[in-house]
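A.B. asks: The structure under discussion is supplied below as structure tokens; questions concerning it will follow.
As structure tokens, this is what we get:
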């Protein structure tokens, strides 16, 4: 709870900075503030409390995911410095929106009442619509914002409808109460329908097939930093929230009571397989790096969905997977931001010869791609390993084999980028070594590798 | 024991040392010095052999030397060890003896070649491997030598490596030998697997004591057959004989040493060595006899019409080897060994003589361009004449005794094979004298230039010739009918009552007479045809009919080429161009399919919000109805 | 001191090389590789003296993954092979100028690190990690420093990477499945103890087989090989063929057979037949290759087919022969590829048709090349013969026809190798100048040849080293 | 006070709002004019609001009505942002048909 | 079970409900089918009013007022404002391809059928709807709940509005580009 308050306060401070005409300090200040929040959050770790009539419940799950969100936001804010160089008057708005977005995200993983959940997701979404459309003179950005907005509010409507049905069934928005009622035998069908609708809405947010169509277009059209945010923070928030929804509302036991579990699991398996396959195969032919990473994100959503099959035990795995994925994503995007600055698009040709002109960044991008592809020693590998381990334990070996085949396909496009960096001739000179971009890239990839070397650090948090 | 080990090592390693010196310092030492080093190395081995021979004859006991464990196989133990018994020392005697002579000869013969040190190093290496082959205490050490001499043969055939035809010949020799080697290996495997040992002494012990079961008998037969395939390769028997004539591409001393006197007899050595195995496989023995007989006849017929002096000798070698196998097939090992020895003498002499001729004519090998060399090269002529008489089986020359014994043995076992062998002998006499008449008599048919330079070769060439001629003439004395020193000497080796002494009865004398008459008949025909009638073989394009078939060696090379070599090459091209590409395309194809799906998928991702939402709604309907309506 | 020291030396070496700059990189790399070799020899001594040089540390708690390195005779033999070849390979590259040499040599050492780790790992997952890690450096080496048309190279290298990764991912699934059966442990001893039904064993065996068949490669999974060998820089080719292939073969013995012995026994004939088919197929395809390196690649295919067949016999002889042959083949193939490189340095081509007549210009090189060719065709008295003989012998124990068919390598091998030798080295003097081998080239050759000949006559040290561990593995295989 | 649902039945409210919700979905799919699409989304949200209130009565519980306030706030915020985006598109493109928004695809 | 309206014995409430429901659905359809955006907006306003009528029927007076204020008063004005700003009229509406319409109709029918079937198939709500008689929806109660129990979401909604505000400003503010 304190975390949430602190974050909100920080956001408002950011707005005040603009008024005080203290633009230069805004990013260092925000980073420091976020570090403080992170410390606060660590301090809260381990306690299980609920605040304000159970509106916010703090648990290990919420604090650990919140920490991840905060870390990601720190990186994203740090990257803002260079990205918004040309928009000095708007920088405080951008930073503030990101901070509020973080607040939404934190609310989403620590909600104790569906109202908080709904508001959180709306804050997140609206902030994202704005950020997606934030290059007001760029038609692509406008289009991305519009697409995201239309489809996002459509999905919000469905989520709202789902919440409404849950309320109809339970007569309450409180998570604890709902989870108690949901185990009773006499349950109106509204509850499972509502849950399914909410799930569908959230699947849209995490861009799972067949609700994924927006992702590539929006990722491509949005400003690169926003894409970074969507593909890392937003996706992680959405998947964590969905996980929390399904596990904390006792949805799966209630389905079991009503013999719906099998079909629900089939749906999850199907969506997971479809997401992986569609994401990976579609990514093969992409030439825009952001678009490619969008499809890659779709496929990772498929992987993450596998944790839902073992929802009772797999929170740690999900945390690990999301951390590995997001850190690799941040590292990759920081390199992309560097390379594609002052470029019209993020075409793969921009990366030609990066291995020669800028070996460090090329190495970082390579490492992050390898992590996403699941090559050992990077945490992406361990994430997949633990995921497969869990899933095989639950007996879904076919799903794992499909996932494995998908991992193989994914190598195809990740390596396309690596090939471009190392085996093509450089076509442009790049000057300048922006400190913050380098710092973010190095720190995030180091964290990624550290997670790979010591997976227990994260994995055991939630076990 | 210590002494024996040292002697054995000295025996083996001296040529090896010679090889090393010549390889590393040969060039800087100069041609003569390197030649001398090479020769001395072999001579030392020869002296050691003499010492050993003395020891063996006096004690009658084999010397066994074990150096160390070599290869470990679960139920087999294979040492690197030597076995010096009667057989191996006998073999060593003529290997190192003739080897020394040929080294000596080569100093002069190869003096014009810039790579003489290399030649000597190869020769020394050959002697090293040949000694290893002979004195190895088990089949695997034999195999080292066996393949090693093959290697040296390869190196020496292709000695003039700028000529790719020679290289082809060398390669062919190596590969055909390897076909045989595979047989040998398989034979070894079966023996090892059946008797749990490859050591000669132990093998003999086991075979003599083992309880016989049909399975073991069967294994032994198969093993014997496989071993015989190995012998076929090395000793140029049908069907693996075609490499030997081609091997004449090498320098003549090589032909003399390797392809006449020593290496090609390795097959006979091996079979003799394993006589206790072959004795158990009577079927295989029959096969050996038949193959030997056929080989001797086929090779002899081809030899009838060849015009290249060395080719004639080569086919003659094949034919003689066939005769030896004929003897082996009847279990008359000592007879075969006897012929090996006499053959080594006279064939080495013949080759060296032909080398002398070729040397004198600056490389000319076609007999049609020779003639009348008798006057210019008297020593060569006389030594070759003696050897030709020996090979033709003219009485009291060495060949007479050995060949006669073979035919005698054949007669006792199988009349048809006896007939075949006899015919082959008559042909031998014919073509050998055809060679003699064409080369040494009448007028010289070469160019004026060559005629001008005709001269007798130097003493380094003639001395070995003379020594060999003497041996060819009197070598038969070691195994006179009725009182054979050789048989007694070799007796400890054989399980059967050694060499059933043929009682010299009327039959035997009749047969001897027939053989002599046959030999003389052959010489007579040659005399009439090439001396009296003054025929010279037609030039290549004018040869027709049967002689064309013979001249082209029954087209065996072509048949082999068409049946084995070409199909493999075609197959190779097919694999390379189709299977490999196909497999590759299959793997790439998976990627292509994925790419194609992606391409189609991109069309679905059309950018239209309506479509996206439509799919969204459809997906939602599908999920909801699956969960709630599917029951 | 334990085996992790070697790994640490190599890893530090890789970074030290990278940071030492382009000029010094090759020397630093050589130094570290020699240090690792020295260290491994010291460890070998300690091991022979009965000292415990294995390591086991807990790493990840859930699932239970340990940092376990086990050095038994087999592992040590493979490590020695790796560490003996690495300095040779590095040293052999001294004649070439590489752009960005620090990266190049750093990657070589890193690869040596990963491969050594693979040979030592005694935990399924650790092993898998090293196994995958070894793939990355070779990918970059082939990609960046390779030769030939860039597009073709890219295609070949990516295919190689994806293909091998594809295989090994199935192995990962098998490992996870196994660990579940072993109560979450990945330790090799625990995996050995797992009781599996015949059906499970079959699938696990197959999953492992896929990984290894691609890596080794066994036909028909070999299509990546020839192209990558051709396109990679020779150093990369040497690493691939000399050591990396052996990872697959080693793994068959260490992991696949003991973990799924029932399946191995049940389907033995099929897998032996595949290996032997590889022998024949590889030999025949090699006959008509135009590119020297491709020819050597196919010859390698033939040889590893035989080794694989030997491993699948499940007899002590087969395993021992396979290991001996692995080591021997490692040295020979490195030597042969180095010879190809020596030719390339002078003639700038590897097209067999354009070569020839080298013998007159450089007899020294010719002799060394010939010895390697002969070793490759397993002439007795070379190390390869010992291995090949043992393998063929073990095959003959299973079925004599396996030995006959496998033995065709003796004939066909001689055919294509001598044919190649004839066209590359012999014939009319080449119009281009072939400078004689330099001292450093000569040293590399000499070392390889010395090893081959020495062990050809005296393989006992290696046999004694590997036999106890192979016997242990056989015990596991035959436990039920 | 009598519960009004005794006369109408909660099912009817559910059907009504389902139909209304679906009309909203239909509108989103049917129209290309972005403004109308926005309106359709508003219809969807209102359908849900109606149901909230009905359920609130059904449970005799005020929380449902409280939630409607939040839902209204969300709707207002969404419309504000949406229209802002729409305006900037209109400025750049001169059209608000979502059919013209097909630059990003593939 | 579906409630079959018994028009003969329909109570007033039932008649009002049917009437309002009819208006709501019809105007909603008209909103979508009108060519002129302004007409659409007007129909939508009517629709909102009818929904407010439902609220009144359910005795939620405060909510009905708020609804009218927010939707008809604020949101619809915003729409109309935008429409006029853009000077949209029916000619501007682009031709809709047949496939789109077909798809829309198909998916509409599909989702309606699916949802309705599910609700019909579900267990019917049996028995009386209990009425505690407690006041649960007066302004007083609502205010208490909103500002006591739901204080945090209430405050959080302000963040939402703040974000929307900043966002809208961000999207529309012109700036000096110092490129």
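Residue numbers (our numbering), protein chains in the order written: chain F, 46 to 508; chain L, 60 to 690; chain D, 156 to 635; chain E, 102 to 207; chain W, 60 to 238. Cβ atoms here follow ideal geometry from the backbone N, Cα and C, with glycine treated the same way. Being a predicted model, the structure only gives us computed values, none of them experimental.
Per DSSP, what kind of secondary structure is residue 195 of chain W in: helix, strand or coil?
C.D. replies: Here residue 195 of chain W corresponds to residue number 136 of the fifth chain, with the count starting at 1. Three-state result, residue 195 of chain W: coil.
A.B. asks: Once the 5 residues before and after residue 220 of chain D are set aside, which same chain residues still bring their CB inside 8 Å of it?
C.D. replies: By 1-based counting over the third chain, the position of residue 220 of chain D is 65. Only 214, 278, 280, 281 and 341 meet the Cβ criterion.
A.B. asks: So, at 8 Å on beta carbons, what are the nonlocal neighbours of residue 151 of chain E in its own chain, with the 5 sequence-adjacent residues on each side left out?
C.D. replies: By one-based count along the fourth chain, residue 151 of chain E stands at place 50. Closer than 8 Å at Cβ, skipping near neighbours: 114, 117, 118 and 121.
A.B. asks: Is DSSP giving residue 391 of chain F helix, strand or coil here?
C.D. replies: In the first chain, the residue the question calls residue 391 of chain F occupies position 346. Here residue 391 of chain F sits in coil by DSSP.
A.B. asks: Where do the N-terminal and C-terminal ends of the alpha helix (DSSP H) with residue 251 of chain L fall, by residue?
C.D. replies: Along the second chain, read from residue 1 onward, the residue named residue 251 of chain L stands at position 192. Counting along the chain, the alpha helix (DSSP H) containing residue 251 of chain L begins and ends at 223-254.
A.B. asks: What are the residues in the segment 163-175 of chain W lying within 8 Å of chain E by C-beta distance?
C.D. replies: Against chain E - using a Cβ distance shorter than 8 Å - the residues of the segment 163-175 of chain W are 163, 164, 166, 167, 170, 171, 174 and 175.
A.B. asks: Considering only the beta carbon of each residue, do residue 323 of chain L and residue 380 of chain L sit closer than 8 Å?
C.D. replies: For the purposes of this step, residue 323 of chain L is taken as the residue at position 264 of the second chain. For the purposes of this step, residue 380 of chain L is taken as the residue at position 321 of the second chain. Against a cut-off of 8 Å, the Cβ pair of residue 380 of chain L and residue 323 of chain L comes out as a contact.
A.B. asks: Quick one: residues in its chain with C-beta nearer than 6 Å to the C-beta of residue 234 of chain D, no 5 flanking neighbours on either side, listed in chain order?
C.D. replies: By 1-based counting over the third chain, the position of residue 234 of chain D is 79. Closer than 6 Å at Cβ, skipping near neighbours: 195, 271 and 274.
A.B. asks: Which term fits residue 159 of chain F, buried or exposed, when burial requires 16 or more other beta carbons within 10 angstroms of its beta carbon?
C.D. replies: If you number the first chain from 1, residue 159 of chain F lands on position 114. It counts as buried.
A.B. asks: Please name the residue in D/489, D/264 and D/519 whose C-alpha comes closest to that of residue 170 of chain D.
C.D. replies: Translated into positions along the third chain, residue 170 of chain D becomes position 15. Selected option, being the one with the closest Cα: D/264.
A.B. asks: Chain E beta carbons: is any one of them nearer than 8 Å to that of residue 515 of chain F?
C.D. replies: With chain F covering only 46 through 508, there is no way to say anything about residue 515 of chain F.
A.B. asks: Any beta-carbon of chain E closer than 8 Å to the one on residue 160 of chain W?
C.D. replies: Working through the fifth chain from its first residue, we reach residue 160 of chain W at position 101. Judged by the 8 Å Cβ criterion, residue 160 of chain W is in contact with chain E.
A.B. asks: Residues in the same chain with beta-carbon distance under 7 Å from residue 107 of chain L, minus the five sequence neighbours each way, listed in chain order, please.
C.D. replies: As a working mapping, residue 107 of chain L is identified with position 48 in the second chain. Correct list, in chain order: 66, 69 and 70.
A.B. asks: When burial is assigned at 16 or more other CB atoms within 10 Å of the CB, is residue 219 of chain F buried or exposed?
C.D. replies: Here residue 219 of chain F refers to the residue found at position 174 when the first chain is read from its first residue. Residue 219 of chain F is buried by the Cβ-count criterion.
A.B. asks: Give the secondary structure of residue 147 of chain E by DSSP, where H, G and I count as helix, E and B as strand, and everything else as coil.
C.D. replies: Position 46 of the fourth chain, counting from 1, holds the residue named residue 147 of chain E. Here residue 147 of chain E sits in helix by DSSP.
A.B. asks: In whole angstroms, what separates the C-alpha of residue 171 of chain E from that of residue 121 of chain F?
C.D. replies: Locating residue 171 of chain E in the fourth chain gives position 70, where the first residue counts as 1. Locating residue 121 of chain F in the first chain gives position 76, where the first residue counts as 1. Taking the straight line joining both Cα atoms gives about 29 Å.
A.B. asks: For the putative contact between residue 241 of chain L and residue 566 of chain D, defined by C-beta atoms under 8 Å, what is the C-beta separation to the nearest angstrom?
C.D. replies: Along the second chain, read from residue 1 onward, the residue named residue 241 of chain L stands at position 182. Along the third chain, read from residue 1 onward, the residue named residue 566 of chain D stands at position 411. That pair is a contact at about 6 Å.
A.B. asks: Is residue 475 of chain F close to chain E, meaning its C-beta is less than 8 Å from at least one C-beta of that chain?
C.D. replies: The count along the first chain starts at 1 and reaches residue 475 of chain F at position 430. So, not an interface residue.
A.B. asks: Are the C-beta atoms of residue 410 of chain L and some chain D residue less than 8 Å apart?
C.D. replies: Locating residue 410 of chain L in the second chain gives position 351, where the first residue counts as 1. With 8 Å as the cut-off, residue 410 of chain L does not count as an interface residue toward chain D.
A.B. asks: Compute the beta-carbon to beta-carbon distance between residue 295 of chain D and residue 467 of chain F, rounded to the nearest angstrom, for a pair I have assumed lies under 8 Å.
C.D. replies: Residue numbering aside, residue 295 of chain D sits at position 140 when the third chain is read from its first letter. Residue numbering aside, residue 467 of chain F sits at position 422 when the first chain is read from its first letter. Contact holds; Cβ gap of about 7 Å.
A.B. asks: Is it the case that the Cβ atoms of residue 375 of chain L and residue 487 of chain L are separated by a distance below 8 Å?
C.D. replies: Taking the second chain and counting its residues from 1, the one referred to as residue 375 of chain L is at position 316. Taking the second chain and counting its residues from 1, the one referred to as residue 487 of chain L is at position 428. For residue 375 of chain L and residue 487 of chain L, yes; Cβs fall inside 8 Å.
A.B. asks: Where does residue 424 of chain D fall in DSSP's three states?
C.D. replies: For the purposes of this step, residue 424 of chain D is taken as the residue at position 269 of the third chain. Looking at residue 424 of chain D - three-state DSSP - the assignment turns out to be helix.
A.B. asks: Mapping the DSSP letters down to three states, classify residue 140 of chain L as helix, strand or coil.
C.D. replies: Against the second chain, residue 140 of chain L aligns to sequence position 81. Correct three-state label for residue 140 of chain L: strand.
A.B. asks: Start and end of the beta strand (DSSP E) containing residue 103 of chain F?
C.D. replies: Residue mapping note: residue 103 of chain F aligns to position 58 of the first chain, counting from 1. Unbroken beta strand (DSSP E) run through residue 103 of chain F: 101-103.
A.B. asks: Alpha carbon to alpha carbon, what distance is there between residue 100 of chain F and residue 161 of chain F?
C.D. replies: Here residue 161 of chain F refers to the residue found at position 116 when the first chain is read from its first residue. Here residue 100 of chain F refers to the residue found at position 55 when the first chain is read from its first residue. In a straight line, the C-alpha of residue 161 of chain F is about 7 Å away from that of residue 100 of chain F.
A.B. asks: Against residue 262 of chain F, what residues of chain E qualify as contacts under a CB-to-CB distance less than 7 Å, listed in chain order?
C.D. replies: Taking the first residue of the first chain as position 1, residue 262 of chain F is located at position 217. Residues of chain E passing the Cβ test: 205 and 206.
A.B. asks: Pull the bridge partners of residue 125 of chain L from the DSSP assignment, please.
C.D. replies: Here the question's residue 125 of chain L lines up with position 66 in the second chain. L/140.
A.B. asks: Among the candidates L/683, L/245, L/372 and L/346, whose CA atom is the shortest distance from the CA of residue 389 of chain L?
C.D. replies: By 1-based counting over the second chain, the position of residue 389 of chain L is 330. The shortest C-alpha separation from residue 389 of chain L is found at L/346.
A.B. asks: Could you tell me whether any Cβ in chain L is nearer than 8 Å to the Cβ of residue 444 of chain F?
C.D. replies: Residue mapping note: residue 444 of chain F aligns to position 399 of the first chain, counting from 1. For residue 444 of chain F, the answer is no, since every Cβ of chain L falls outside 8 Å of its Cβ.
A.B. asks: Taking the alpha-carbon of residue 267 of chain D as reference, which of D/236, D/519 and D/257 has the nearest alpha-carbon?
C.D. replies: Within the third chain, numbered from 1, the residue matching residue 267 of chain D stands at position 112. Of the listed residues, the one whose Cα sits closest to residue 267 of chain D is D/236.
A.B. asks: With a threshold of 8 Å between beta-carbons, can residue 68 of chain F be considered close to chain L, or not?
C.D. replies: Your numbering for residue 68 of chain F matches position 23 in the first chain. For residue 68 of chain F, the answer is no, since every Cβ of chain L falls outside 8 Å of its Cβ.
A.B. asks: Counting C-beta neighbours from all protein chains within 10 Å, is the total for residue 484 of chain D 16 or more, i.e. buried, or is it exposed?
C.D. replies: Along the third chain, one-based indexing puts residue 484 of chain D at 329. Per the 10 Å Cβ criterion, buried.
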